[in-house]
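J.: The sequence shown lines up with residues 1255 to 1460 when you count with our numbering.
C-beta: ideal position from N, C-alpha, C; glycine also.
Structure incoming, see below.
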Amino acid sequence: MKFCSSELRNSFLFLLIFVAINTSSFAQGGTESPYSRYGIGDLQSNGFIHQTGMGGVSAGFNNSSAINFGNPASYSTIKITTFETSANIEAKKFSNATQSQTNKGASLNYLTVGFPVLRGEWGASFGIMPYSLTGYDLTNPGSIINPNDTITYQYNERYKGSGGLSRFFIGTGIAPFANDTISFFKSAKYYKLKESNETAKNKPHR
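Shown next, in the form of structure tokens:
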């Protein structure tokens, strides 16, 4: 077994790209919700595109050319350097008894890389994804009376903000006996047991 040095070099190159893209992409809020004004903003999903397409399944998903952030143990099966990214586009409509408004926004969901360290036994992954997004632009009209001249003055309060929180992750997964299991299923001993059709059920009890 040899360390996949070329895979490691490619992965560190991707890391440098992450640093460059992070400043311009994740600094921009990708939501247009007035509710993101409160707290740390709208919390974002942790699922990657594969898990999202399967209704959020994460723990049971394992693929040698895909990254599963929800199951770090699956990193051990990564066989090739894998780069994943996705974008999100949303449109939200807000309305009350007198008016309605439709807001649109776009954001980068995540940037991540997975690579084998020892092919078939040890893999790793790192990346960056938004934890929460903030994006709002609200106007609140009001009025105030000047007690000196009893004149009512109209004014508008404007609340505007954008941004959010991002998180960087790194993980690794090791399966030291994975090749032993594969070798057994390819061995003559396995085929001999399979042909004899022996099971614990049909063995005589003593």
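(1) Start and end of the beta strand (DSSP E) containing threonine 1285?
(2) Going straight from the alpha carbon of serine 1299 to that of asparagine 1402, what length do you get?
(3) Please identify the residue among Ala1378, Tyr1390, Val1311, Pro1430 whose C-alpha is closest to the C-alpha of serine 1463.
(4) Distance, Cα to Cα, serine 1287 vs lysine 1346?
(5) Report the partner residues of asparagine 1410 according to the DSSP bridge assignment.
(6) Would the region 1317 to 1328 and the region 1403 to 1421 be scored as touching if the rule is three or more Cβ pairs under 8 Å?
(7) With DSSP as the reference, identify every bridge partner of isoleucine 1428, one or two as the case may be.
(8) Considering only residues of the same chain and omitting the five flanking positions on each side of alanine 1411, which have a CB-CB separation below 6 Å?
(9) Please classify glutamine 1408 as buried or exposed, where buried requires at least 16 neighbouring CB atoms within 10 angstroms.
(10) Taking the Cβ atom as the reference point for each residue, do serine 1330 and alanine 1442 lie within a distance shorter than 8 Å?
(11) Please report the Cβ distance between glycine 1425 and alanine 1378, rounded to the nearest whole angstrom; I am assuming they are in contact, meaning their Cβ atoms lie under 8 Å.
(12) Would you decide whether leucine 1362 is buried or exposed? Buried here means 16 or more other CB atoms lie within 10 Å of its CB.
(13) Which one of Phe1315, Gly1293, Ile1294 has the shortest CA to CA distance from glycine 1469?
(14) Who are proline 1401's beta bridge partners in DSSP?
(15) Between leucine 1447 and phenylalanine 1439, what straight-line distance do the alpha-carbon atoms span, to the nearest angstrom?
(16) To the nearest whole angstrom, what separates the beta carbons of tyrosine 1364 and threonine 1339, a pair I think is in contact under 8 Å?
(17) Work out the CA separation of asparagine 1317 and tyrosine 1445 for me, nearest whole Å.
(18) On a CA-only basis, which of Ile1332, Ser1312, Ala1313, Asn1350 is nearest alanine 1320? Give me that one, please.
(19) For phenylalanine 1337, which three-state DSSP category applies?
(20) Of all the options Pro1384, Val1311, Tyr1292, Gly1368, which has the alpha carbon lying nearest to the alpha carbon of glycine 1427?
T.: In brief:
(1) Note, threonine 1285: premise wrong, no beta strand (DSSP E); not H, not E.
(2) 54 Å
(3) Absent from the structure is residue 1463, since the part of the chain shown begins at 1255 and ends at 1460.
(4) 8 Å
(5) Pro1395
(6) no
(7) Trp1376
(8) Per the sequence presented here, residue 1411 reads as glutamate, with alanine not at that position. Correct list, in chain order: Asn1394.
(9) exposed
(10) no
(11) 7 Å
(12) buried
(13) With the chain represented from 1255 up to 1460, any question about residue 1469 goes unanswered, as that position is not in the structure.
(14) Paired residues: none, contrary to the question.
(15) 10 Å
(16) 6 Å
(17) 26 Å
(18) Ile1332
(19) strand
(20) Gly1368
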